[in-house]
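Engineer: Just passing along the structure, written as structure tokens.
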Amino acid sequence: QNHDELTLELVHFWTLHAADRYTFQGEGMSGLELRERVRSVMYDRLSGPNAPYNLRFVTNGVACTSASIAAAALGITDLENMSDDDVQRIQQVHLLLAMYNAFQPGVFALSGWDLVGALPLPHDSVAHLMADGDTRWINRGAYDLLDVNPAAAASQAGLPRARALYGSLPDQLARPDSFVSRLQALLQVRQQYRIYAARQIDVPDCEAPSLLVMIHELPDGLGTQITALNFGADPVDETVWLAGVAGGQVVEMLSGAGEGTVDMNGGLNVHLDGYSAKSYLVTV
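Take a look at the structure:
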């Protein structure tokens, strides 16, 4: 998350691929129709009655925080009356998003709003700033990363303090199950195996609609790394076919546990709980 909205423009399907044909959810449609279908569902799920704490931003997307996107995906409509279990589920989905970004090649970035689990501000608290139509002020709440001034209700610039689901950095670093501590473990693996410098070689088809698998060739002969993410609530158990990967021992990189082998046809058995992910290392 940054200071802007979650953008839903899908520009390529609006311009370059507007007339191309696609199959989505069993239906044939143009790129332009696909864009409108996806945008309609996203707006419905991420704002309005289903997520009244988020707001649409003109024609481009939704004003929100990462934590409030997770809440909306989980079907939570009231952020004021959440249980401890709700907060843990939001953290889990937020970590899933972080792992999706961190466990593929390229730059990984996140903000202070992510680190503390900031929620959107109450709309009336920044109504004067939104008078010109800029709803993004709800996702720009103040936060205190280091507990410098726990009693502060606003920043020095006058922005109201956002509710922070996860707590400050010192508080989180003292808890192994916190968002920051678990993120730290993810980033240590990313750094150790130089996933940021890997080359993505395939994104295989999967049977489960919620399952995303990405295959990467690690630098300097470190092996083949596979990121598997389950973006759904239901467990996933299926064999994924890996192009160009035939045979090899498999270790789950976060836990160090053995995960069997990739067979000679490139088959890898993937077992994931709801809203969870694994990173596999394949060595010959």
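Going by our numbering, the residue at position 249 of the sequence shown is 941; the numbering climbs one at a time, nothing skipped. Cβ coordinates follow ideal geometry from the N, Cα and C atoms, glycine included. Note that the structure is a prediction, hence the values are computed from the model and not measured.
#1: Are there three or more Cβ pairs, one per stretch, closer than 8 Å when the region 891 to 904 is compared with the region 867 to 875?
#2: Given a cut-off of 8 Å, decide if Val818 and Pro852 are closer than it, judged by their beta-carbon atoms.
#3: Just the Cα atoms here: how many angstroms apart are Thr751 and Glu697?
#4: To which residues does DSSP link Glu977 through a beta bridge?
#5: Pick out whichever of His908, Gly850 and Val808 has its Cα sitting closest to the Cα of Asp839.
#6: Can we say the region 965 to 972 touches the region 920 to 933, given the rule of at least three CB pairs closer than 8 Å?
#7: Where does the unbroken beta strand (DSSP E) through Phe871 begin, and where does it stop?
#8: Distance check for Thr769 and Ser775, CA to CA, integer angstroms please.
#9: Candidates Asn742, Glu772 and Asp777: which alpha carbon is nearest Ile761's?
#10: For Ala763, does the count of other Cβ atoms within 10 angstroms reach 16, so buried, or fall short, so exposed?
#11: Taking the alpha helix (DSSP H) that Trp933 belongs to, which residues open and close that run?
#12: For Asp799 and Thr919, what's the separation of their Cα atoms in angstroms?
Structural biologist: Reading from the atomic positions:
#1: no
#2: For the purposes of this step, residue 852 is taken as the residue at position 160 of the sequence shown. For the purposes of this step, residue 818 is taken as the residue at position 126 of the sequence shown. Yes, they are a contact pair.
#3: Locating residue 751 in the sequence shown gives position 59, counting from the first residue. Locating residue 697 in the sequence shown gives position 5, counting from the first residue. Looking at the two C-alpha atoms, the distance is approximately 11 Å.
#4: In the structure as shown, the chain starts at 693 and stops at 976, and residue 977 therefore has no counterpart that could be examined.
#5: Indexing the sequence shown from 1 puts residue 839 at position 147. Asp839 has its Cα closest to that of Val808, out of His908, Gly850 and Val808.
#6: yes
#7: Reading the sequence shown from its first residue, position 179 is the one you call residue 871. It is not in any beta strand (DSSP E) - Phe871 instead sits in the alpha helix (DSSP H) that spans Phe871 to Gln884.
#8: Along the sequence shown, one-based indexing puts residue 775 at 83. Along the sequence shown, one-based indexing puts residue 769 at 77. Using only the alpha carbons, I get a separation of about 12 Å.
#9: Taking the first residue of the sequence shown as position 1, residue 761 is located at position 69. It is Asn742.
#10: As a first step, residue 763 must be located in the sequence shown, where it is residue number 71. With 16 or more other Cβ atoms within 10 Å, it is buried.
#11: Residue 933 sits at position 241 when you count from the first residue of the sequence shown. No alpha helix (DSSP H) contains Trp933, which is instead part of the beta strand (DSSP E) from Val928 to Trp933.
#12: On the sequence shown, residue 799 is found 107 positions in, with the first residue counted as 1. On the sequence shown, residue 919 is found 227 positions in, with the first residue counted as 1. The residue you asked about is not Asp; residue 799 is Val in the sequence shown. In a straight line, the C-alpha of Val799 is about 16 Å away from that of Thr919.
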